[in-house]
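Colleague:
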Amino acid sequence: MSLFALALALPAEIALFDVSALLAVAANLLRPVLGLGAAATLMVYFKPLWMGLLRAALMLIKPRKSLDQRIARSKFMGQQLMRRLANDHAASQPNLAAELRLLAGRD
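Each residue of the sequence shown is one higher than the last, beginning at 159 in the numbering used here.
If you want it as structure tokens, here you go:
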């Protein structure tokens with residue numbers, strides 16, 4: 159082989175080697191992205207299952223309050239709101255504040 163033919167063949171081989179190396183690097187970078195995409199797809203597809211599992215775990219950690227407890231808390235929050243409104247209007251409208259306190263004191 160002549161020196162001229164060797165000079166022409168060598169850059170082509172180097173260029174092909176660089177292209178294959180770049181493709182290998184691109185494939186190595188793309189592989190985790192595709193894996194994360196597949197995992198995200200499965201998460202979206204099985205979302206009702208995941209939500210059910212999370213709710214069940216939450217019920218184990220923090221059980222739901224009984225109906226009586228929820229009603230009592232609602233009444234207490236209403237009484238607090240009435241007292242807060244009464245305190246806000248005590249200086250400007252004392253009659254309204256007295257009525258609000260009366261409503262807050264009821265069962």
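By construction, the Cβ of each residue, glycine as well, lies at the ideal position given by its N, Cα and C atoms. From a predicted model like this one, the values you see are computed outputs, not experimental measurements.
Let me know the secondary structure DSSP gives F234 once reduced to three states.
Modeller: F234 falls in the helix class under three-state DSSP.
Colleague: Which residues in the same chain have their Cβ closer than 8 Å to the Cβ of A248, if we skip the five residues on either side of it in sequence?
Modeller: These residues qualify, in order along the chain: A255.
Colleague: Which word fits L258, buried or exposed, when buried means at least 16 other C-beta atoms lie within 10 angstroms of its C-beta?
Modeller: The residue is buried, with at least 16 neighbouring Cβ atoms inside 10 Å.
Colleague: Leaving aside the five residues before and after S178 along the sequence, list all residues of the same chain whose C-beta is less than 6 Å from its C-beta, in chain order.
Modeller: Once the five neighbours on either side are set aside, S178 has no close Cβ partner at all.
Colleague: On the criterion of 16 or more Cβ atoms from any shown chain inside 10 Å, does A214 qualify as buried, or is it exposed?
Modeller: Classification for A214: exposed.
Colleague: At the level of alpha carbons, what is the spacing between G210 and V202?
Modeller: Those two C-alpha atoms are separated by around 13 Å.
Colleague: Using a 10 Å radius around the Cβ and a threshold of 16 neighbouring Cβ atoms, would you call A230 buried or exposed?
Modeller: It is exposed - the Cβ of A230 has fewer than 16 other Cβ atoms within 10 Å.
Colleague: If you draw a straight line from the C-alpha of P206 to the C-alpha of R222, how long is it?
Modeller: Going by the C-alpha atoms only, they are around 21 Å apart.
Colleague: Name the residue from L243, A184, L218, G193 whose alpha carbon lies nearest to the alpha carbon of A262.
Modeller: Comparing Cα-Cα distances from A262 to each of L243, A184, L218, G193, the minimum goes to L243.
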